[in-house]
Amino acid sequence: MVNPDMISNLPDEIKTNILSKLCIDEAVRCSVLSKTWKGLWKGMSHMELNATNMVEPFTKLLRSRKPRTFPDFSAIAPPMLKSVIGYNALVVPLLFNHLGVISSCRIQHFKKSLAFEHVENWVEILVAIHTRLKDLSLECVAHCEELTEKIMPEEYTYIPRFRHGAFECLASLELINYTLNSWIPFLECSQLKRLKMKSIYLDDVTLSGILENCVVVENFSLLECIGFERVIIMRSTLKVLQLQALCVDELQISCENLDVMMLDSIICPMQSLSIYAPCLRTFHTYCNSMYGRMLSVRNGNSIVKTHEILTHCCGLLGSPNGNIFQNVSTLCIDLDLNNIREAEVLSYVLKLCPNLQVLEIALPAFRPKSQISNSSQRCDLSYPIPMFWERRELCNCISQKLKFVCIRGFRGEEQEVEFSKYMITRATMMKRITIISSNSLRNIMKAADNLFSLPWASGNLSMNFKASNPTDKFAEHQNKLLKW
1 MVNPDMISNL PDEIKTNILS KLCIDEAVRC SVLSKTWKGL WKGMSHMELN
51 ATNMVEPFTK LLRSRKPRTF PDFSAIAPPM LKSVIGYNAL VVPLLFNHLG
101 VISSCRIQHF KKSLAFEHVE NWVEILVAIH TRLKDLSLEC VAHCEELTEK
151 IMPEEYTYIP RFRHGAFECL ASLELINYTL NSWIPFLECS QLKRLKMKSI
201 YLDDVTLSGI LENCVVVENF SLLECIGFER VIIMRSTLKV LQLQALCVDE
251 LQISCENLDV MMLDSIICPM QSLSIYAPCL RTFHTYCNSM YGRMLSVRNG
301 NSIVKTHEIL THCCGLLGSP NGNIFQNVST LCIDLDLNNI REAEVLSYVL
351 KLCPNLQVLE IALPAFRPKS QISNSSQRCD LSYPIPMFWE RRELCNCISQ
401 KLKFVCIRGF RGEEQEVEFS KYMITRATMM KRITIISSNS LRNIMKAADN
451 LFSLPWASGN LSMNFKASNP TDKFAEHQNK LLKW
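Per the UniProt record's numbering, residue 1 is the first one in the sequence shown, and the count goes up by one each step.
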């Protein structure tokens with residue numbers, strides 16, 4: 001007995017919503033293979049165009065006619081160029097034939113599409129025909145021909161030439177892997193609330209022009225971008241800010257209503273770093289991104305360490321902007337608890353966080369022997385180092401607010417255990433402490449036995465011990481942060 005096709009019997013509105021989750025080529029394929037789905041792709045609210053997927057059938061056909069040996073790129077290149085032009089021939093009819101309301105669109109295209117100004121044409125069609133478009137994502141990707149070009153010096157840089165005010169109707173814009181030499185497309189962007197730029201090359205004039213014209217932006221991300229020397233962000237409307245893997249001579253942040261901030265692998269002189277965010281509630285700061293390390297090596301400058309940023313932000317070095325931790329409820333950092341200098345900074349920051357409820361600490365995945373031997377030498381304590389956390393004064397956030405603590409990369413070293421003891425025996429409102437260990441199960445059990453034997457300050461506390469690869473888990477954690 002053949003099972004009935006329950007999905008095809010669903011209302012068209014639901015089936016259209018299902019198709020909106022697919023790339024356009026897959027959605028059209030569904031419409032061709034089933035009569036009940038015919039034409040439904042024309043009503044999708046979200047359209048996703050993926051160049052790699054859409055030219056894949058042609059690529060497979062090309063490979064089937066070639067012997068299964070190392071590819072002859074000189075022979076493949078001309079057909080691949082035709083496929084790039086053919087991609088435009090597919091995209092334009094799809095945009096014109098869509099009859100419904102497109103509220104969001106994501107386009108991944110090849111670099112050669114910029115040479116023929118296809119991308120600019122697609123954007124003009126979208127904003128002209130689909131006037132209710134609010135969310136646009138553009139990403140330049142490479143295929144095998146363009147990858148082989150990178151072996152040789154590049155003679156041309158393909159720069160998009162979007163028209164005056166091209167993005168003025170959008171509420172959200174994402175640009176990935178472009179070179180921008182003008183802020184003109186951002187003129188009159190009075191509706192743009194979310195802007196994400198990743199792997200973008202742009203100069204100071206272009207960056208400042210973009211920020212000046214995005215007058216109502218609430219969520220701004222600048223990730224792995226180069227070409228500029230200064231980042232000055234002064235916007236009262238901004239609520240979420242993400243800066244990752246940037247090398248600058250000056251960084252100024254003055255956002256009186258900023259709610260969430262992430263600083264990851266920033267290269268900047270400390271004397272040129274200024275942060276004013278009195279309403280900050282969620283603060284993430286890291287110094288371990290892979291791209292940031294590559295940038296540091298290439299430029300010969302060091303990434304600002306997390307404890308240095310914390311020191312600067314809490315006013316220990318006489319920062320004129322004062323304390324930004326007054327309203328922070330979530331603090332996520334990478335820090336070496338075994339380094340007494342970094343532990344002192346953390347201890348001081350905790351005193352300045354009266355509303356802290358969530359604390360996440362990622363311990364360094366790798367510690368050079370020189371760092372291990374010197375981590376506790378520089379110390380002005382009047383008592384033995386193992387008593388550092390035991391001698392700490394009880395701050396308000398520990399005794400009244402803190403509910404969740406997570407420690408990643410736990411090895412069971414002395415100061416890691418002492419910090420865990422401090423939390424377990426002092427935090428009266430604690431609900432859960434999670435310890436993710438990078439060592440063997442035996443070491444976890446030993447630490448667990450030690451901590452379970454302590455008197456718990458909170459009657460609602462639960463303790464979770466996990467074993468995992470600290471590098472993988474930390475990378476996963478950082479990637480999740482970028483999906484706000």
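Even glycine gets a Cβ: it sits at the ideal position worked out from N, Cα and C.
Checklist line | In chain order, each alpha helix (DSSP H) run of at least 4 residues that lies wholly inside the stretch 84-158 | finding: 112-115, 118-129 and 144-149
Item checked: Cβ neighbours of Glu13 in the same chain (closer than 6 Å, five flanking residues each side left out) -> none
Notebook entry, point to check: Would a C-beta distance cut-off of 8 Å place Leu180 and Leu202 closer than the cut-off?
Noted result: yes
Margin query: Once DSSP output is grouped into helix, strand and coil, what is the label at His164?
Written below: coil
Item checked: Proximal residues to Phe167 (C-beta, below 7 Å), its chain only, five neighbours per side dropped -> Leu173, Pro185, Phe186, Cys189 and Leu192
Next item on the list: Output the distance between the C-alpha atoms of Ser296 and Thr306, rounded to the nearest integer angstrom.
Entry: 15 Å
Margin query: Please state the DSSP three-state secondary structure of Ser74.
Written below: Because the pLDDT of Ser74 is 46, which lies under 50, any placement of that residue in the model is unreliable, and the number read from its coordinates should be weighed accordingly. In the structure shown, Ser74 sits in a helix (DSSP, three-state: H, G or I).
Notebook entry, point to check: If you follow the beta strand (DSSP E) that Ala427 is part of, which residue opens it and which one closes it?
Noted result: Ala427 -> no beta strand (DSSP E), and no H or E assigned at all.
Item checked: Nearest-angstrom Cα separation, counted from Glu229 out to Ala427 -> 44 Å
Item checked: Residues near Ile233 by beta carbon distance below 8 Å, same chain, minus five either side -> Leu211, Phe220, Leu241, Gln252, Ile253, Ser254 and Cys255
Checklist line | Closest by C-alpha distance to Leu133, when choosing among Ala27, Thr282, Ile303 and Met47 | finding: Met47
Check: Taking the alpha helix (DSSP H) that Leu211 falls in, what are its first and last residues?
Finding: Asp204 to Asn213
Notebook entry, point to check: Cβ atoms of Val358 and Lys403: under 8 Å apart, would you say?
Noted result: yes
Notebook entry, point to check: Taking the alpha-carbon positions, what's the Ile324 to Tyr276 distance?
Noted result: 7 Å
Checklist line | Own chain residues within Cβ distance below 7 Å of Asn396, not counting five before or after | finding: Pro354
Next item on the list: Please list, in chain order, all residues of the same chain as Gly100 whose beta carbon is under 8 Å from its beta carbon, the five residues on each side excluded.
Entry: Thr16, Lys42, Gly43, Met44 and Ser45
Next item on the list: Going by CA-CA distance only, name the one from Asn338, Asn301, Val405 and Ala51 that's closest to Trp389.
Entry: Asn338
Check: Would you report the Cα separation of Leu19 and Ser34, rounded to the nearest angstrom?
Finding: 13 Å
Next item on the list: Just mark Ser453 as buried or exposed, buried being the case when its beta carbon has 16 or more other beta carbons within 10 Å.
Entry: exposed
Check: Looking at the structure shown, is Thr285 part of a helix, part of a strand, or coil, going by DSSP?
Finding: strand
Checklist line | Under the three-state DSSP convention, the category Thr16 falls into | finding: helix
Margin query: Could you give the first and the last residue of the continuous alpha helix (DSSP H) run that contains Ile309?
Written below: Thr306 to Cys313
Margin query: By DSSP's criteria, Leu273 is part of a beta bridge. Which residues make up the other side?
Written below: Leu251
Margin query: Given this structure, state the Cα-to-Cα distance separating Leu94 from Leu126, to the nearest angstrom.
Written below: 11 Å
Item checked: Where the beta strand (DSSP E) through Glu360 begins and ends -> Val358 to Ala362
Margin query: In whole angstroms, give me the CA-to-CA distance for Cys30 and Lys38.
Written below: 8 Å
Check: Taking just the CA atoms, how far does His98 sit from Ser438?
Finding: 52 Å
Next item on the list: Determine the contact status of Ile107 and Leu138, defining contact as a CB-CB distance below 8 Å.
Entry: yes
Margin query: Do Leu461 and Met430 count as a contact pair if the criterion is CB distance below 8 Å?
Written below: yes
Check: So Ile309 packs on Thr285, CB below 8 Å; how close in whole Å?
Finding: 5 Å
Note to self: For Asn9 and Thr36, I'd like the C-alpha separation in whole angstroms.
What the structure shows: 8 Å
Next item on the list: Just the C-alpha distance for Ser399 and Gly459, rounded to the nearest angstrom, thanks.
Entry: 13 Å
Notebook entry, point to check: DSSP state of Ile7, grouped into three classes?
Noted result: coil
Notebook entry, point to check: Taking the DSSP output, what are the residues bridged to Tyr178?
Noted result: Ile200
Next item on the list: Specify the secondary structure class of Asn464 as computed by DSSP and reduced to three states.
Entry: strand
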